[in-house]
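Counting from 9, one number per residue, gives the positions in the sequence shown under this note's numbering.
Every residue gets a Cβ at the ideal spot worked out from N, C-alpha and C, and that includes glycine.
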Amino acid sequence: MGVSGSGKSLVGRRLAQHLECDFLEGDRRHSPANIAKMQAHMPLNDGDRRQWLLDMEADIQRAIALHRETVLTCSALKRAYRTQLAGPGRVQLVWLNVPQAELERRLTSRLDHYMQPAMLHSQLAAFESVASEEAVITVDGQLAPDDIVDQVLMQAIAQFPGLKKTWWQRMTEELNEPTEHPKSLAAIHRNPLWM
9 MGVSGSGKSL
19 VGRRLAQHLE
29 CDFLEGDRRH
39 SPANIAKMQA
49 HMPLNDGDRR
59 QWLLDMEADI
69 QRAIALHRET
79 VLTCSALKRA
89 YRTQLAGPGR
99 VQLVWLNVPQ
109 AELERRLTSR
119 LDHYMQPAML
129 HSQLAAFESV
139 ASEEAVITVD
149 GQLAPDDIVD
159 QVLMQAIAQF
169 PGLKKTWWQR
179 MTEELNEPTE
189 HPKSLAAIHR
199 NPLWM
């Protein structure tokens with residue numbers, strides 16, 4: 009999760025590649041009307057996002073029902089959105105934290121996206137802090153993508169001790185020998201759904 013320019017798509021794809029799982033891009037779920045509105049520099053409201061959230065919620069529930077590991081990227085700016093998307097299932101929320109100046113720099117250099125740099129301020133204004141949400145892992149979005157992936161997995165293991173056993177079991181199975189410091193945690197860890 010993160011505002012536009014935080015690196016959601018890049019990191020999400022990298023995480024999905026490492027986990028060898030499905031990747032879903034939330035931006036592709038926006039309706040043509042929503043995209044046109046954003047291209048016109050008009051911020052989306054809760055009503056605009058309603059069907060978008062329902063569609064992503066359905067994607068998440070489908071992945072859980074099919075026991076398919078999946079990485080889904082989306083902004084999830086508000087606490088209510090995050091609660092809706094996480095639902096009762098096994099969903100790990102990850103927030104990519106990037107300073108505003110760096111976000112502006114990235115968006116100015118990005119020419120192939122409908123989200124215009126001018127829209128960043130409306131996203132930051134709508135954003136509700138994840139600081140009090142224990143289920144959210146926050147990572148420095150300025151790190152290299154592989155480092156972000158490793159940070160996500162290490163924090164997940166620290167936050168959810170039950171994951172550690174699975175991690176060590178998979179590491180032993182896939183590397184065929186125990187080791188204290190694998191080259192990349194992302195290459196061997198598994199979790200049902202990441203967002």
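query                                                                                             : result
Cα-Cα separation between Arg87 and Ser137, rounded to whole angstroms                             : 8 Å
Arg76 and Asp30 closer than 7 Å at C-beta                                                         : yes
Leu52 - DSSP class collapsed to helix/strand/coil                                                 : coil
Euclidean distance between Cα positions of Gln92 and Ser117                                       : 33 Å
Span of the beta strand (DSSP E) around Leu27                                                     : Looking at the DSSP string, Leu27 is not in any beta strand (DSSP E); the run it does join, the alpha helix (DSSP H), is Lys16 to Leu27.
Reference Pro107; option with closest CA among Gln69, Val147 and Glu142                           : Val147
Sequence-distant residues of its chain with Cβ nearer than 8 Å to Ser17 (five each side left out) : Glu33, Asp35 and Thr81
Best match in Ile145, Ile68 and Met127 for proximity to Lys45 [C-alpha to C-alpha]                : Met127
Beta-ladder partner(s) of Ile145, from DSSP                                                       : Val102
Short Cβ contact (7 Å threshold) for Gln131 with Val11                                            : yes
Cβ-based burial, Ala84 [other Cβ within 10 Å; buried from 16]                                     : buried
DSSP-derived helix/strand/coil call for Leu80                                                     : strand
CB of Val79 within 7 Å of CB of Ala24, strictly                                                   : yes
Reduced DSSP secondary structure (H/G/I, E/B, other) of Leu111                                    : helix
Rounded straight-line distance, which links the Cα of Arg113 to that of Ile156                    : 19 Å
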